[in-house]
Amino acid sequence: MSRIVPPLTALGVLLAPMPAAAQLAIDWDVPAGECPTVDAVRGEVVRLVGGTLPEDLELEAHAIAEHGAGRWTLRLHTRMDGVDGERVVEGDACAPLADATALILALMIDPDAVAAHVEPPPVADPPITDPPTTDPPITNPPTTDPPTTDPPSEPPTHVATAALSDPVDPDPSPRPRGDGGPITRVVEHDREPGETPEGPVDEAPDPPLAGFLGLGGAFDLGSVPDPSGALHLEGGFGIPLIEARIRATFVFGQDASRSSSDGARITTGTLDARACVHPFDEARLVYGCLGLALGVSVAEGFGVSGPEVGVGTFAGAVAGLGLAWSPEPWFDLDLDATLIVPFNPLEFAVRATPDDVFHTQEPVAGRFGLSFHVRF
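The opening position of the sequence shown corresponds to residue 0 in numbering that gives the first Met the number 0, with each subsequent residue numbered one higher.
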């Protein structure tokens, strides 16, 4: 039997249950290069709770930071032990919002540990006072009356009264650290799944209204007889969810030939108005647009006696998808694909008879462009 003990002992070690690993999932959706990294936030949480996370921890956090009108806004969604929570923090910079996020998560994990590891504010030195003066000695002889024993007095009440009258901080939790300005507003709400909130809930601030101006280039298919280049100017304004855009586009002319020696050079310009929606909170860079367009096509004849210039107008519907990238809050690059469907496709002829039509506008035109925007 002595030979069997070591294998059984080893097997018992292998079958021993492993301790559960702490789970702290942080989805950190912030502008790159302007905010601390998710690793820095996680490290601050670990530091605040004493360097080690509880083994049974299961905490999920999703943070979204946005910058507009000179202010930063961070929305923090949390889920811990089946309870959902939401907080909105505002500040003048992103760094203090990251500190506040780490502090909120640490307080959710272990508030006692946070109180032990947050540095207390410095205590001011006591004021310097003059040394007390010494009273002159008493020259009268002591009285010979027997000492009297006073009954024990009641404990002084002025101490408790003073303590109760002192101002009390309504929020004794430690304040986040950072040098980016004070936190001006925090909205918190925790509720059980399916619970209906009681009373009014402080709502997040209205999103700021912003605008942009930009220019760009595009590759056009269908607006003129052959593939061509295009230039456009555009501007817009709105909130992070929805915005209105106006774009003016010039498509370089291409030749439409009736024969090997005659035809016309056709140039097109359009002006369109669009409503664009950024539907995803987690990915505001993706958007879709719908709108209307007005267009003008100019045809200049060649290879015939007495060539003339003809002008035609059309209207159409516009639909597009885009992808925007903002390396800086005031600047972004916009990549978009646009379809234009004319309601009244134009026909081009050397003479004003149907038999002389040598080019008809395509039923659908497509443009693929890159724009540079300056936001304000």
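Note that beta-carbon positions come from the ideal geometry of N, C-alpha and C, so glycine has one too.
Start and end residues, beta strand (DSSP E) containing residue i
i	result
His-76	70–79
Asp-28	22–28
Cys-288	285–301
Glu-65	57–67
Ile-238	Neither: Ile-238 is in no beta strand (DSSP E) and is coded neither H nor E.
His-277	No beta strand (DSSP E) contains His-277, which DSSP labels as neither H nor E.
Val-223	Unbroken run through Val-223: none, as it is neither H nor E.
Leu-338	330–341
Arg-257	Counting along the chain, Arg-257 falls outside any beta strand (DSSP E), and DSSP gives it neither H nor E.
Glu-307	From DSSP, Glu-307 is part of no beta strand (DSSP E); its letter is neither H nor E.
Val-88	82–90
Ala-448	One cannot answer for residue 448 here, as it falls past the ends of the chain, which runs 0 to 375.
Phe-357	356–359
Leu-369	364–374
Delimiting residues of the alpha helix (DSSP H) encompassing residue i
i	result
Glu-43	37–47
Leu-104	93–108
Environment of residue i [buried if 16+ CB atoms lie within 10 Å]
i	result
Thr-312	exposed
Gln-360	buried
Ala-159	Since pLDDT at Ala-159 reaches only 35, below the 50 mark, its modelled position is unreliable, and the value read off the structure follows with that caveat. With fewer than 16 other Cβ atoms within 10 Å, it is exposed.
Asp-98	buried
Gly-368	buried
Val-379	Past the edges of the chain, shown from 0 to 375, lies residue 379, and the structure says nothing about it.
Asp-335	buried
Glu-327	exposed
Leu-289	exposed
Ala-247	exposed
Phe-211	buried
Gly-315	buried
Gly-50	exposed
Gly-305	exposed
Trp-324	exposed
Gly-11	Confidence in Gly-11 is poor, its pLDDT being 40 and thus under 50, which makes the residue's placement unreliable; the coordinate value appears in the next sentence. Burial call: exposed.
Glu-89	buried
Ser-227	buried
Glu-307	exposed
Val-250	buried
Trp-329	exposed
Val-167	Residue placement at Val-167 is flagged as unreliable, the pLDDT there being 40, under the threshold of 50; a coordinate-derived value is accordingly withheld.
Gly-401	Nothing in the structure corresponds to residue 401, since the chain is present only between 0 and 375.
Gly-319	buried
Under 7 Å between C-beta atoms of residue i and residue j
i	j	result
Arg-273	Pro-239	no
Asp-333	Gly-321	yes
Ile-265	Val-303	no
Ala-243	Gly-252	no
Leu-73	Ala-64	yes
Val-43	Ala-101	According to the sequence displayed, residue 43 carries Glu and not Val. Yes; because the gap between Cβ atoms is below 7 Å, this pair is in contact.
Ala-60	Thr-77	yes
Ile-245	Val-276	no
Ser-300	Ala-263	Reading the sequence as shown, one finds Gly at residue 300 and not Ser. Against a cut-off of 7 Å, the Cβ pair of Ala-263 and Gly-300 comes out as a contact.
Asp-271	Val-340	no
Arg-374	Ala-209	yes
Asp-225	Arg-366	no
Cβ separation of residue i and residue j, assumed to be a contact under 8 Å, to the nearest whole Å
i	j	result
Val-45	Ile-25	No, Val-45 and Ile-25 are not in contact; Cβ-Cβ is about 12 Å, not under 8 Å.
Asp-111	Pro-53	That belief does not hold up - the Cβ atoms of Asp-111 and Pro-53 are roughly 12 Å apart, past 8 Å.
His-358	Phe-347	4 Å
Val-363	Leu-345	The pair is not a contact, with the Cβ atoms about 14 Å apart (cut-off 8 Å).
Ala-292	Thr-269	5 Å
Leu-214	Phe-371	6 Å
Ile-48	Ala-105	A small fix is needed here, since residue 48 is Val in this sequence, not Ile. Confirmed, Cβ separation roughly 5 Å.
Gly-67	Pro-207	4 Å
Pro-30	Ala-94	Their Cβ separation, rounded to whole angstroms, is 12 Å, which puts Pro-30 and Ala-94 out of contact at 8 Å.
Val-71	Asp-91	The sequence shown places Trp at residue 71, rather than the Val named in the question. That belief holds up - the Cβ atoms of Trp-71 and Asp-91 are roughly 7 Å apart, short of 8 Å.
Val-310	Val-295	7 Å
Within-7 Å CB hit, residue i to chain C
i	result
Ser-222	In the structure shown, chain C does not exist; there is a single protein chain.
heavy atom of the ligand COA below 6 Å from residue i C-beta
i	result
Glu-346	With respect to small molecules bound, the structure shown includes none, and the ligand COA cannot be examined in it.
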